[in-house]
Amino acid sequence: MASRLVRIAKIGEPFGIKGGLKIWPFYDYLLDLKKGQRIYLSWGDTLIVKKELSLEYIRKHNKGFVIHFAEITNRTEAEKLKGNWLLLEEEDLPVLPEGYFYSYQIMGLPVYELEGKYLGTVKEILETGSNDVFVVEGEEEICIPAIKDVVVKVDLKEGKIIIKKMEEY
1234 MASRLVRIAK IGEPFGIKGG LKIWPFYDYL LDLKKGQRIY LSWGDTLIVK
1284 KELSLEYIRK HNKGFVIHFA EITNRTEAEK LKGNWLLLEE EDLPVLPEGY
1334 FYSYQIMGLP VYELEGKYLG TVKEILETGS NDVFVVEGEE EICIPAIKDV
1384 VVKVDLKEGK IIIKKMEEY
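Dropping the structure here:
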């Protein structure tokens, strides 16, 4: 494992008797993963790898997904995995269209107004349904809608976000 590991889903309850697992994904692309894809199981609530798994298949189920791995063949094995995270190497993440970012890329970035005023760093991203909201912690906590009218630029190379000044945060 040479690249950074990224959390892609939280493991929930076992599903069925053949080792299926309910998962709650962070990203919409999970159905793009292919059979045989290497996915890593975390050690509890960390990014430490407990086990490397090989994807058998994944499918949508209600509001989440059900996933099966070659190494997990029964409910007893699946029950032991609840509460862990599934991790993927950063280089295996699908490339997003221009202007789209993974949440882990946004978290912790400093936020500046166009005029250069530092506002703080992104500590949380809220999903509101219509658009995401960046919760920025600085002198005071502010919420910034992640829309084109407000967010001028997300610059991952320079590691910062630039926004237009708003009347009220």
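With the numbering used here applied, the sequence shown covers 1234 to 1402.
Note that the Cβ used here is the ideal one computed from N, Cα and C, for glycine as well.
All values derive from a computational prediction rather than experimental measurement.
query	result
Serine 1287 in three-state terms, based on DSSP	strand
6 Å CB neighbourhood of proline 1343 in its chain, flanking five on each side removed	Thr1354, Lys1393
Limits of the alpha helix (DSSP H) - the one that glutamate 1312 falls within	1308 to 1312
Range covered by the beta strand (DSSP E) that runs through isoleucine 1300	1297 to 1302
Serine 1336: first and last residue of the uninterrupted alpha helix (DSSP H) it sits in	1336 to 1339
Simplified DSSP state of glutamate 1324, which is helix, strand or coil	helix
Own chain residues within Cβ distance below 7 Å of glutamate 1285, not counting five before or after	Arg1271, Tyr1273
Cross-strand partners of proline 1330 (DSSP beta bridge)	Answer is none; proline 1330 lacks a bridge partner.
Distance between aspartate 1388 and methionine 1234 (C-alpha atoms, nearest Å)	Annotation note: pLDDT 44 at methionine 1234 (below 50); position unreliable, coordinate value reported separately. Methionine 1234 and aspartate 1388: Cα-Cα distance of roughly 27 Å.
Simplified DSSP state of leucine 1266, which is helix, strand or coil	coil
Cβ-based neighbour list, glutamate 1304, same chain, cut-off 7 Å, excluding 5 preceding and 5 following	Leu1286, Ser1287
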